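Undergrad:
Below is the structure:
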C-alpha cells in the first residue's frame, strides 16, 4: 500500500487495513455460518477451525501484504466491526444456540490475537522469543552502576524490573503470550463448539 509519512496517510492506512480485515473475517464468517457448507462437507470441527483460525490468519496476512503501519489497531478495529455486524445477525437466528456475551468476548480475543500474530514475521515473534539467552535475567551489578544505568535509561525501568534486558524483549514476549493465549482459546473453542 502506498504510504507517506503524514498523519493523513497513516489514518487512511489504518482505515484501509481495518476494512480489509473486516471484509475477510466478517464476510468469511457470514458465508460459512449461513451456508454451513463446511459442516456438511467435512465436519463441525473443521468448520470452527476455519472460522476461528484460518480466517483470522488470512486476514492478518493481508495486513502484511498491504504493509499496514499499525497492525494491532487495524486488527482490533476490524474485529470490533465484525462483531458489531455479526452479533445482531446471529443473536436471533444462530443455527445451534444464540451466542452469549461471553462467546462474543472470547471470539474477539481469539480473532484479535491470532490476527495480530499473523501480521508479524515469524522471526520476530517465535525465533527471537526462544533464542538462547534472550530472556535471561539481568546480572546483578554494583549499586553505583545500576543507578547510573537507571538514570540514563528510565524508560526501560519496567522491563528491567520484570527481568528483561530491554523493552524490545518484553514486547516480543508479550506478543508471544498473545499468540499462545489466542491459540489455546481457539483450540478449546473449536473442540467444544465442534461437539455441539
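Numbering (the numbering used here), first residue to last: 1 to 196.
Using N, Cα and C, we set each Cβ at its ideal position, and we do this for glycine too.
Computed from a prediction, not measured in an experiment: that's the story for all the values here.
1. Could you check if residue 181 is buried or exposed, using at least 16 other CB atoms within 10 Å of its CB as the buried criterion?
2. Return the first residue and the last residue of the alpha helix (DSSP H) that residue 69 is part of.
3. Please report the straight-line C-alpha distance between residue 106 and residue 195, rounded to a whole angstrom.
4. By alpha-carbon positions, which one of 33, 70, 67 and 66 ends up nearest to residue 90?
5. Which two residues bound the contiguous alpha helix (DSSP H) that contains residue 43?
6. Rounded to the nearest angstrom, what separates residue 26 and residue 8 at their Cα positions?
7. I need the boundaries of the alpha helix (DSSP H) containing residue 106, first residue and last residue.
8. For residue 75, tell me which candidate among 88, 66, 60 and 192 has the shortest Cα-Cα distance.
9. Please state if the CB of residue 62 and the CB of residue 21 are separated by a distance shorter than 9 Å.
10. Taking just the CA atoms, how far does residue 15 sit from residue 114?
11. Residue 51 by DSSP, collapsed to three states: which one?
12. Could you give the residue range of the alpha helix (DSSP H) that holds residue 23?
13. Excluding the 5 residues preceding and the 5 following residue 28 in the sequence, name in chain order all residues of the same chain whose CB lies nearer than 6 Å to its CB.
14. Short of 7 Å in beta carbon distance, which residues of its chain neighbour residue 38, apart from the five on each side in sequence? Order them along the chain.
15. Within 10 angstroms of its Cβ, does residue 184 collect 16 or more other Cβ (buried), or is it exposed?
16. Among 110, 174, 66 and 24, which one has its Cα closest to the Cα of residue 187?
17. Measuring CB to CB, does residue 10 end up less than 9 Å from residue 69?
TA: On the basis of the data shown:
1. exposed
2. Here residue 69 belongs to no alpha helix (DSSP H), and DSSP marks it neither H nor E.
3. Approximately 17 Å between the Cα atoms of the pair.
4. 33
5. Where residue 43 is concerned, there is no enclosing alpha helix (DSSP H), given that its DSSP letter is neither H nor E.
6. 26 Å
7. 101 to 119
8. 60
9. yes
10. Answer to the nearest angstrom: the Cα atoms are 20 Å apart.
11. helix
12. 7 to 35
13. Answer for residue 28: 55, listed in chain order.
14. Annotation for residue 38: 32, 46, 47 and 50 place their beta carbon closer than 7 Å to its own, counting only its chain and skipping 5 residues before and after.
15. exposed
16. 110
17. yes
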